[in-house]
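To start, the structure under review is shown below, and the notes come after it.
Chains as they are written, first to last, in this note's numbering: chain A, 1062 to 1542; chain B, 1062 to 1542.
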């Protein structure tokens, strides 16, 4: 099934437009694509006419061209008629917004079977029903929520596939925006009667050039499709990340009435995914952290040169002892380890500092530079640690409170990282007035996080990805590396 | 030892002011108290003169009055001389900013013993050394970081005591601000050579009228002081919350060089605290969630009437199925339970909805109202659930994306909650454009969280507090309730 027309349509048509209700889903989709997106959009209305200057056509067969995609925002029985019309007219793809299918059971389930028969027999790429559909900037956006009510994420490397439209728009769009994580295409799959996670994994892995990270928020696999998903994931050149909602009994009950899926035995799924090199965050926050660090690194291939994190050996540099304690606390949990410095290294580090700070700083790992730190101290320490081969990654907890730290510190650190290529992951508090520091690091493709936990998680995610990449390579080219 | 002069001084003096370096700690403290706080502040400088219009005095004994508090920002040996002078002149309290005491071992440890002897023999309330000191708005602020670099929290009910100054200013101040958690007094205790967590617990519990929640960020108890802390906590009328950094081996190593404390055996401490009715969050985020919900509820005593959460029986109301799944997932982990609705209740709930949404909404618990929801539906559902006695708390996941939800929804929900007094905890995405909704709820003292997890944690915290309050009462008035 060809999904390119679904995600990169040249033209779309919308059915289910209300002339009276300016907030009807069909009307919102018509207007937002007309005024906000690049795709050519046609509206269908039985008696024709126009809305806000957009001409409406009486029927699909009266359109001046066959659209690539039909967005259907009508009741479930009429929906089936429109899918039949897609088949009759040769419209290759459709997004079905409305519900009334498998998720309500009984006759809804029967309707969904009819829908599947028409779609599969006629090779129509149907997304939904019961979904928000596609957000593929700058081309098309079928999300029926008014743009001004929601928050759109920046453009980037992550294809984001969610079984829940609400979670997609709220949990992901809002937090992607906060964290500056970029999306290539976002997909709400709803009941996934036709297009499901397997087809999407294949499309984003093999066809879509903008995507290098494919992230799934699922409540369970589509029935009978887990094996295909795993096989595709195992050979995907993109990084595949799966996060499951609905893990507990309570969650499962909620899931069933939500998108008519079975959460399945989570432990079995977890092990299988791991064996097929899929990255699985343990929490939503960890998912966001993975995507952030992978997206930043995708912006410039190999910003850290060929340096990868294989063993998780880190050095922690902080200007606050308490932050150093918190970060050290978390290392083991995330499979990381603080390297031990030799006496000579500690002496070297001390000699690099200004005399006031040198006296009170602590040069164990974590290194606590104290509030008497200068910009040049941080530069010198990062430069020195970058040359210590057994350190695979530096965690820099950069709090701009010490009075002598300048607003150039981000740029200064970025320059050293750029010259050394040692992986460095930073924590800078998320406060508007530090934007200059945060931006100067992010512009240099150095990942910045706004909590200590996320900073540590990010290093762990990089270690996990190195492992998965190595296993994929071994799998592709035989057991010998 | 009387701490009132430390936290509510009428006048302070500062030693360790540099005329050359405008960023020296002493000078920053002098200027910020002169220009930003209410306290009368005197600067000490050997040759007198002035800085930015503030007259400097040559010696402490030349001041026109004996100050309540001396802020010392000089090297460790001079510090001891100044503490002796406090004794000679009758200055009752002091904040020692600088280090060079127990945290560096050897001669530093000896210095700290000398300091302790002078202070205890002469009843001087010394905070530190090696600390940021006191932030007691609007009176005094000894934090030597420039105000414009840091973020100050709003005024509120939480006394916040931190063993790490960096964690206090960054982790807590920034996040208190983001979450609108109010502070009565914040204290950085550093090496706690004299004033320690026990004295502070006593002061905030028994003396300070502005505090009703006392939160500690500790890396371990002061040696030999755990028992006293526990006994005080057990009878405190305020809610006592303790969170430990430095729990792992790596964390402990970091801790030792940080504030010369021993993290101790965490498991033993944990059990002892629990037996003395201390609330112990499991993560920093959970700590913030506790404080947020306790602070909101402190703003108006009993905003939920006499309703308390004893068993953790909740109803979840969402406009997004995916969010409902995520919230349901978390209930068990946090000791909560979704009540089951009878067939009649489900029918009643359905009848309360607009006909379009009624058809597609789901009335299990969680209740998914769907994107077709209207303001009136939410009002009706909350009103109905408030009258179901076995529901102890409603978790409302309020996503303002559905096109028909108005910006009045916060006020409308707040009015119903106000009339019913059923505990309701809300999730509203943290997006600037929803401020009107968030504010209208918070102005009515309804706690609003910006993640599903925190929302669930908050209900759990309320349940935990009910339990601790009941145990305290039983303990005070005998086993019979």
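Beta carbons: idealized from backbone N, C-alpha and C, even for Gly. The model shown is predicted, which means the values in this text are computed figures rather than measured ones.
- Among the residues facing chain A, residue 1465/B is included, as its CB has a counterpart in that chain under 9 Å away.
- The distance from the Cβ of residue 1388/B to that of residue 1455/B is about 12 Å, inconsistent with a contact at the 8 Å cut-off.
- Boundaries of the beta strand (DSSP E) around residue 1301/A: 1300-1305.
- Judged by DSSP secondary structure, residue 1537/A falls outside any beta strand (DSSP E) and instead within the alpha helix (DSSP H) spanning 1513-1538.
- Across the set 1256/B, 1111/B and 1110/B, the C-alpha of 1256/B shows the shortest separation from the C-alpha of residue 1177/B.
- DSSP places residue 1096/B in no beta strand (DSSP E) but in the uninterrupted alpha helix (DSSP H) bounded by 1086-1097.
- For residue 1230/B, the chain A residues whose Cβ falls inside 7 Å of its Cβ are 1462, in order along the chain.
- In the three-state reduction of the DSSP assignment, residue 1406/A falls in the helix class.
- At least 9 Å separates the beta-carbon of residue 1076/B from that of residue 1200/B.
- With respect to the C-alpha of residue 1138/A, the residue from 1109/A, 1184/A, 1130/A and 1173/A having the closest C-alpha is 1173/A.
- If you draw a straight line from the Cα of residue 1303/A to the Cα of residue 1339/A, it comes to about 7 Å.
- No Cβ of chain A is located within less than 9 Å of the beta carbon of residue 1282/B.
- If you draw a straight line from the Cα of residue 1208/B to the Cα of residue 1066/B, it is about 23 Å long.
- Sequence-distant partners of residue 1183/A (beyond 5 residues in either direction) whose C-beta falls short of 8 Å from its own C-beta, in its chain, are 1147 and 1148.
- Contact annotation for residue 1430/B against chain A: no contact, minimum CB-CB distance about 11 Å [criterion: below 7 Å].
- Between residue 1084/A and residue 1464/B, the beta carbon gap of about 4 Å places them in contact (Cβ cut-off 8 Å).
- Here DSSP, grouped into helix, strand and coil, assigns residue 1365/A to coil.
- Its Cα nearest to that of residue 1458/A, the residue 1514/A stands out among 1098/A, 1514/A and 1279/A.
- At a beta-carbon threshold of 9 Å, the residues of chain A lying near residue 1384/B are 1225, 1227, 1228, 1231 and 1232, ordered along the chain.
- With a beta-carbon spacing of about 7 Å, residue 1461/B and residue 1470/B fall inside the 8 Å limit used to define contacts.
- One finds nothing in chain B with a Cβ atom closer than 9 Å to the Cβ of residue 1135/A; even the nearest lies about 13 Å away.
- For the pair of segments examined, the region 1154-1173 of chain A was found not to touch the region 1228-1246 of chain A: the number of CB pairs separated by less than 8 Å stays below three.
- Distance from the Cα of residue 1345/A is smallest, within the candidate group 1410/A, 1357/A and 1278/A, for 1278/A.
- For residue 1392/B, the secondary structure class from DSSP, reduced to helix, strand or coil, is helix.
- Between residue 1477/A and the set 1527/A, 1443/A and 1488/A, the nearest pair of CA atoms involves 1443/A.
- Going by beta carbons, residue 1383/A and residue 1226/B fall inside the 9 Å limit.
- Beta-bridge partners of residue 1131/B (DSSP): 1074/B and 1155/B.
- Beta-bridge analysis with DSSP links residue 1187/B to 1155/B.
- Fully enclosed beta strand (DSSP E) runs of no fewer than 3 residues occupy 1216-1223 of the region 1197-1237 of chain B, in order along the chain.
- Scanning 1259/B, 1292/B and 1273/B for the CA closest to the CA of residue 1284/B turns up 1259/B.
- Interface flag for residue 1086/A against chain B is set, since a Cβ pair is found closer than 9 Å.
- Inside the region 1327-1352 of chain B, DSSP marks whole alpha helix (DSSP H) runs of 4 or more residues at positions 1327-1336, from first to last along the chain.
- In the displayed model, residue 1266/A falls within a helix according to three-state DSSP.
- With a threshold of 16 other beta carbon atoms within 10 Å, residue 1270/A falls short and is exposed.
- Legend: CB atoms of the region 1267-1278 of chain A lying less than 7 Å from CB atoms of chain B are not found in any residue.
- For residue 1210/A, at least one C-beta of chain B is nearer than 9 Å to its own C-beta.
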